[in-house]
Every structure is written in C-alpha cells, then in structure tokens.
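2 protein chains.
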Amino acid sequence: MMTRKEALVDSIVAYLLEHGLADLSLRPLAAATGTSARLLIYHFESKEGLLTEILEAMQARLRQSFARLLEPQAGGKQPQPPLKLLWHWAIADANYPYFKLLYELQILAIQNPEAYAQYLQRNALNWSDLILSIIPAPRRDPAFATLCGAVFDGLFLELMGTGDRKRTTQALDRFIRIVGDARAFRADT
Amino acid sequence: MMTRKEALVDSIVAYLLEHGLADLSLRPLAAATGTSARLLIYHFESKEGLLTEILEAMQARLRQSFARLLEPQAGGKQPQPPLKLLWHWAIADANYPYFKLLYELQILAIQNPEAYAQYLQRNALNWSDLILSIIPAPRRDPAFATLCGAVFDGLFLELMGTGDRKRTTQALDRFIRIVGDARAFRADT
DNA sequence: CGTTACATGTAACGTCCGTTACATGATGAC
DNA sequence: GTCATCATGTAACGGACGTTACATGTAACG
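Protein chains in written order, with the working numbering: chain A, 1 to 189; chain B, 1001 to 1189.
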C-alpha cells in the first residue's frame, strides 16, 4: 500500500522532470500535484528538504533502471559496445528526462554552488567512474576515460538541444568505429 | 568617450559572468554595479531588455575575440589542429567565463524555453556550424561534425565541473590522435 | 536666464515567494 | 468515548521581486 507521501513523491518527480529545477516554486508545484504549499512543507520540512528527498528518489530510480540494464546480459544477446549500451539506455524515453534534469543540476551547481552544490553531492551518479568501469581494462587510462565521458556528455547535450536521436546516435557509432580503427588500440602495433 | 550606459554594460557583463543567469535579480545586480534598480530599468526598459542587450554585448565580444584568434594564422606559426586551436581559445581565461554562461543559457533554454529560448536565438554562436567550418573538407560529414562538436562540449562541461585543464586537454589530444590514426581517415585505405 | 533633455533618488505598488500560526477534520488506540 | 496522532484548510507573515509614479538634480543650448 502506498502512503500519501509516496504518491506525492511520484507526482513531484513527474513535475520536476517536466519543469526543471531552476524555477521551481511551491505553489505551482502544489497545484499541479493536487496538494497545497502548506502540505509540501508539512511532508518535507522545507523546500530544500523536498529537493533533497526528490532528487534522492530520482537517483534511486535511475540506479534501479541501470541495474535492470545490466541483468539481461547473462542471456544470449549479441554483445554491444559498452558505450553504445549506455547511450541507448540513457536516451530511452524512461530515462532521458532524468538525465536532462541531472545535467541541469550540474550546470546550476557550477554557476551557483551555494544554492545547488549540496544536491549534487548526493546525486553524483559518479558518471566518470561508471564510464571508466565499462571500458575494457587495456584502454583504461584517464585521458581515454575522460574522452569517452565527454563524448557521452556532449552528444547528450546535443540531443537535448536538437532532439535529433538519429544524428547523435550516428555520431556515437562513428566514435566507436574510429576508436576501433585507431592504430593506438589495434593489436598489430 | 564612454557613455554612462556603456560603462554600466561593462559592469553588468562582469557581474553576469561571475554570478550566472538563473538567479539574476535587479537589486543585487544594481548594488554590485554601483547603480540602482530604478536606473537599470531606465537604461534597459526591463529586465528582459537588459538581458537581451547584455547577451548581445557578450556575443559581440566573443566574436571579436574569435576574429583575433584567426588573424595571426597568416604569420609563421606552426599550424595546430583546428579543434585544438579552438579549445585553447575557449578555455583561455578571457573567454572561459563567456562559454560557461552560454552553456548555462543553453541548459536553461532546454528546461524552460518560454523564459530563455528568446535569448538563445540571438546568442547562438552557431557552434556546430563553426566547428563544421574548421573541419577539413574530406571529413566534413554530419556524423563526424556532430562528434567533434560533442567532444568539445563534453570536455568543456567536464572542465567546468572539475576545473582540470590538464586532463581535459589531454583527452582532447587523445581524440585528435585517435582520429589521425583511424583507418577510415587514412589515405592508404 | 529659461528651457529642454537626460539622469537620478525616494518610495511605493502589486505580486509572488517560503514559511508559519492556528484551527479543524480524520483515524485508530485504549 | 476519549485521546492522541496524523492530515489538512485558511490566512497571514515578512521579505524579495519587477516595475512605476513623482519629484529633483544636472547640464547643454537658445
């Protein structure tokens, strides 16, 4: 059975995913989620507490989704390059809005750390570590890991700006092919 | 001779570069630039007008700086890969804050187009076109151009988050080397 | 000197913000 | 049935917001 608050968290998550963080304000949020500013404070102590809880809930959902991504690899699927696997997971309809929000948080924290950095610590997906972990060991040096993370971030940014899934995905494929072709990574050198 | 307003624009640009866009408010801005909210409205009509003018001024400065970057290539410098040239220009102390702000604007416009997209149109550096234009013609296909733009954006994002000029620059060098090595781009295939 | 245009100060308007005080339903325990 | 606990509604607080009304200073021009 779902408590009132859990249902509320669901609505708030949905609202934040749609409207972003920067202009969040309690009364419109309350109206959109069928409650009142009074009750938001009652359940979450403060706006800051609300954001903390909601961002934690989001992070938990993303982690769950990520775990689900890794499961079926035991099955007989043809193996995809890890970067491509990660990409299609991130741009899937179910996960895309979460990433959008986390990128917004990242930028807000850069420009206004006093206000937003506190949420970032809790919500560091630790993206670079995650990407590093899926890179085959022989290539696991800092420069290449940073590059892979940047390709991912940059393509996602481009996707958010243009909505062009096809072109961004092709660009990722190109990257993967170039890396595969590069002399520095081929066995015969 | 500098009019009062031109001097004011300078101060406001400096303030915005330091504090970002998302939480801009007239009274603190006025206090920091030695004027009053009353006068800001007087000179710029409205907050929206102020942002429009200031962002235009920023864009003009960046364009000037970019023009200065291209000039000395007539001289006897050793040619750098275009991406690397662009990168060192963008992360130079004088330009870095402008890029930071433009990335913030980009993200804000993605999450809240009603409020911010209007500024984006005027301030589209037309990044992808710019990057496309510096790519040698034989490689000028959409996927590769998108990839180069993404590498740039992603590395800049990483730089903003971590401040690690060295690692991000090394990652760019790695990208350039990988591209140079890739079979798909070598003459002997 | 008077006029005109630009520049500036003071104070307020109405609105929204996060938050709180206070009262009151609902629900289950004893 | 009473009592405690959770939940909720109404209304307001003090403050910040963008903006405006109104008066005043300043300076160049006739």
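Note that beta-carbon positions come from the ideal geometry of N, C-alpha and C, so glycine has one too.
query: Determine the contact status of Thr146(A) and Ala1171(B), defining contact as a CB-CB distance below 7 Å.; result: yes
query: For Tyr119(A), is the classification buried or exposed, using 16 other Cβ atoms within 10 angstroms of its Cβ as the cut-off for buried?; result: buried
query: Give the straight-line distance between the Cα atoms of Ala92(A) and Arg122(A), rounded to the nearest whole angstrom.; result: 24 Å
query: Look at Leu1200(B) and Tyr1098(B) and say whether their C-beta atoms are less than 7 Å apart.; result: The question about residue 1200(B) has no answer here: the residues shown for chain B are numbered 1001 through 1189.
query: Terminal residues of the continuous alpha helix (DSSP H) containing Gly1149(B)?; result: Pro1142 to Thr1162
query: Can you tell which of Glu1056(B), Thr1035(B) and Tyr1103(B) has the C-alpha that lies nearest to the C-alpha of Gly1161(B)?; result: Tyr1103(B)
query: Rounded to a whole number of angstroms, what is the C-alpha to C-alpha distance between Leu132(A) and Val1179(B)?; result: 21 Å
query: Whole angstroms are fine: how far does the CA of Leu29(A) sit from the CA of Arg177(A)?; result: 45 Å
query: So, does the CB of Ile1178(B) fall closer than 7 Å to a CB anywhere in chain A?; result: yes
query: So, with DSSP's three-state summary, where would you put Pro1081(B)?; result: coil
query: What do you get for Tyr1116(B), buried or exposed, if any count of 16 or more other CB atoms within 10 angstroms of its CB means buried?; result: buried
query: Using a Cβ-Cβ cutoff of less than 7 Å, which residues in the same chain neighbour Val13(A) once the five nearest sequence positions on both sides are dropped?; result: Ile54, Ala57 and Met58
query: Going by alpha carbons, who is nearest to Phe1152(B) out of Leu1130(B), Arg1139(B) and Pro1136(B)?; result: Leu1130(B)
query: Compare the C-beta of Asp27(A) against all C-beta atoms of chain B and say whether one is closer than 7 Å.; result: Sequence check: residue 27(A) is Arg here, not Asp. Taking Cβ atoms only, chain B never reaches closer than 7 Å to Arg27(A), which makes this a no.
query: At the 7 Å Cβ level, is Leu1050(B) part of the contact set with chain A, yes or no?; result: no
query: Can you grab the Cα-Cα spacing for the pair Gln80(A) / Ala184(A), in whole Å?; result: 21 Å
query: Within the 7 Å Cβ cut-off, does Thr1189(B) reach chain A?; result: Note on Thr1189(B): pLDDT 47, under 50, position unreliable in the model; the coordinate value appears next. No - not a single Cβ of chain A is within 7 Å of the one on Thr1189(B).
query: Given a threshold of 16 other Cβ atoms within 10 Å of its Cβ, counted over all protein chains shown, does Arg174(A) qualify as buried or as exposed?; result: buried
query: By the 10 Å Cβ neighbour count, where 16 or more other Cβ atoms means buried, how is Gln106(A) classified, buried or exposed?; result: buried
query: Please check if any C-beta of chain A sits within less than 7 Å of the C-beta of Pro1138(B).; result: no
query: Starting from Pro1028(B) and walking both ways along the alpha helix (DSSP H), at which residues does that stretch end?; result: Leu1026 to Ala1032
query: Output the distance between the C-alpha atoms of Gln111(A) and Arg1139(B), rounded to the nearest integer angstrom.; result: 36 Å
query: Short of 7 Å in beta carbon distance, which residues of its chain neighbour Lys1100(B), apart from the five on each side in sequence? Order them along the chain.; result: Met1160
query: Nearest to Thr52(A) by CA position, among Glu71(A), Pro82(A) and Leu21(A), is which residue?; result: Leu21(A)
query: Can the beta-carbon of Asp1023(B) be found less than 7 Å from the beta-carbon of Ala182(A)?; result: no
query: If the cut is a Cβ gap below 7 Å, which residues of chain A does Glu1104(B) touch?; result: Ile107 and Gln111
query: Please decide whether Pro1142(B) counts as near chain A, where near means a Cβ-Cβ distance under 7 Å.; result: yes
query: Let's test the definition: count the other Cβ atoms within 10 Å of the Cβ of Leu108(A) and tell me whether it reaches 16, buried, or not, exposed.; result: buried
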